[in-house]
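Visitor: Take the sequence shown: its position 79, counted from the start at 1, is 304 in the numbering used here, and no numbers get skipped.
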Amino acid sequence: MKNAAELYGKSLYELSREEGLDQRILSEMRTVGKLFSENPDYIRLLSEPSLPKLERLSLLDKAFRGSIEPYFLNFLKLLVERGLLSSYSGAERTFKNAYNRDHGILEATVFSAVALTEEERRELLSRLRERSGKEVELTEKLDSSLLGGLLVEIDGKRLDGTVLGRLSAIRKKLDEYVL
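1. Take Arg249 and list the residues in its own chain whose beta-carbon comes closer than 7 Å to its own, dropping the five residues that flank it on each side.
2. Give a yes or no on whether the C-beta atoms belonging to Ser337 and Leu309 are separated by under 8 Å.
3. Is it buried or exposed, Lys321, if we count other Cβ atoms within 10 angstroms and call 16 or more buried?
4. Determine the extent of the alpha helix (DSSP H) in which Asp327 is found, giving its start and end residues.
5. Go to Ala340, then tell me how far its beta strand (DSSP E) extends in each direction, as first and last residue.
6. Mind checking Gly245: buried by the 16 CB within 10 Å criterion, or exposed?
7. Would you mind stating whether Ala230 and Thr319 have Cβ atoms separated by less than 8 Å?
8. Buried or exposed: Leu237, going by 16 or more other Cβ atoms within 10 Å of its Cβ?
9. Just to confirm, are Lys302 and Leu282 a CB contact at a threshold of 8 Å?
10. Among the residues of its own chain, which have a CB less than 6 Å from the CB of Ala316, if the five just before and after it don't count?
11. Which whole-angstrom value describes the C-beta separation of Leu360 and Gly329, a residue pair presumed to lie in contact below a C-beta threshold of 8 Å?
12. Please classify Leu271 as buried or exposed, where buried requires at least 16 other C-beta atoms within 10 Å of its C-beta.
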């Protein structure tokens, strides 16, 4: 059985896709998700059972009415009414995964010891797009434990171009040769 986050995220995605609002609602979900993560007290307030439900829903209206799609606002209200606001990030992830699947987008994470230059980023994106045949959405993370090179995670695979990864590959080949 699917959990609440998956069920609600999938339902919102299907509705927004039918209405041609999937891109807009995804953008709004990211913005609201960032707002929620930066303001955990707001989520606690909206989830507080001692605060009457109508008052909590009114807070959502005051904060978002007119600035987000009505379907999305109703989605947030539904989560508050059912005590599921803590499932928001999972619903957002489910929505985003469905959007990416339908639009041929792969998510990739690149780990490097230092930040990539704009040129390096463009070149990496170009190679990943060429290799996958899909649009790639890249997230960069710094990892000071890497001596150099890049480690890329994409589509469930790890592409290890780090110094340590290359040395390990050489060591493995030497071990195979010696045996």
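For each residue, glycine too, the CB sits at the ideal point set by N, CA and C.
Guide: According to the structure shown:
1. Glu294
2. no
3. buried
4. Tyr313 to Asp327
5. Unbroken run through Ala340: none, as it is neither H nor E.
6. exposed
7. The Cβ atoms of Ala230 and Thr319 sit closer than 8 Å to each other.
8. buried
9. yes
10. Ala230, Tyr233 and Gly234
11. Looking at the sequence shown, residue 360 is not Leu but Glu. Right, the Cβ-Cβ distance comes to about 6 Å (below 8 Å), so this counts as a contact.
12. buried
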